[in-house]
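The next block holds one structure in the form of structure tokens; read it before the comments.
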Amino acid sequence: MTKLRVAGFGVAAVAALSLTACSSSDTASSGSSSSSMAPSSSMAAPSPSAAASDGVTTNADVFGPACSQLPQGSAPGSLDSMGPQPVASAASTNPLLTKLVAAVKATNLVDTLNSQQAITVFAPADPAFAALGDAKFTELAGKPAELAPILQYHVVGKRYDAKGLEAAGSLESLNTAGGPLKIEGSGENMTVNGAKVLCGNIPTKNATVFVIDKVLTPGTNK
């Protein structure tokens, strides 16, 4: 993101989110241009054929109870319609992620997320933000310098599918000071720092997305 104007966050966000410490060579087949949430409409459990080596998934790999809540076919917000779009732009049409999108916009992270080549995004669904309370969410949205590190904690600088997450067990987010992200369980029983995966393995050109049921809090899993 080249236009961050938040005092105290500009340099940190650019440094962390540029992913210079997380080479895109880890994911050679993830695509070389700015990204899009790739189509996926199957609600089946993860397929054994999922490309665990590069974290890239397909429609057949999408799983989780909330996937069926997405619009179907090519309607805005459907898995198919999000395919051609960069990840943050695609999320802006996803009916499960309106609060997250508002938070990303408040911190001017849209361009930065859209420009990455190979990342994993843990995306809290709207009820996860609702659990914080409207007052708290409004407060955070009004303090981008405080909100940005929380959002960074939901992004990993390498692309993983569900099987890759399970194999890794522990991940470092872009907010390295927040501590590791602990992966437990598998499939529909997978959790990230205790947050359940509601719709996982959502493929995009530059990111694999996992919708989760809680907002991850930096520093709680050190």
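Going by mature numbering (1 follows the signal peptide of the UniProt record, and there is no 0), the letters in the sequence shown line up with residues -28 to -1, 1 to 194, in that order.
Note that beta-carbon positions come from the ideal geometry of N, C-alpha and C, so glycine has one too.
For F101, the enclosing alpha helix (DSSP H) has its first and last residue at 98 to 102.
Contact annotation: P67 and L42 have beta-carbon atoms nearer than 8 Å. L85 is positioned such that its CB atom lies no closer than 8 Å to that of A120. Contact between the segment 126 to 143 and the segment 162 to 177 is present: three or more C-beta pairs spanning the two stretches fall below 8 Å. In this structure, G151 sits away from P116, with a CB-CB distance that is not shorter than 8 Å. For the 8 Å CB-CB criterion, Q89 and N173 do not form a contact. Counting only unbroken stretches of 3 or more residues, the beta strand (DSSP E) elements lying wholly within the segment 79 to 123 are 91 to 96, in sequence order. Looking only at E156, L170, T176, P175, the smallest Cα-Cα distance to I184 is reached by L170.
Non-local beta-carbon contacts of L143 in its own chain, meaning distances under 6 Å to residues more than five positions away in sequence, involve V128, L153 in chain order.
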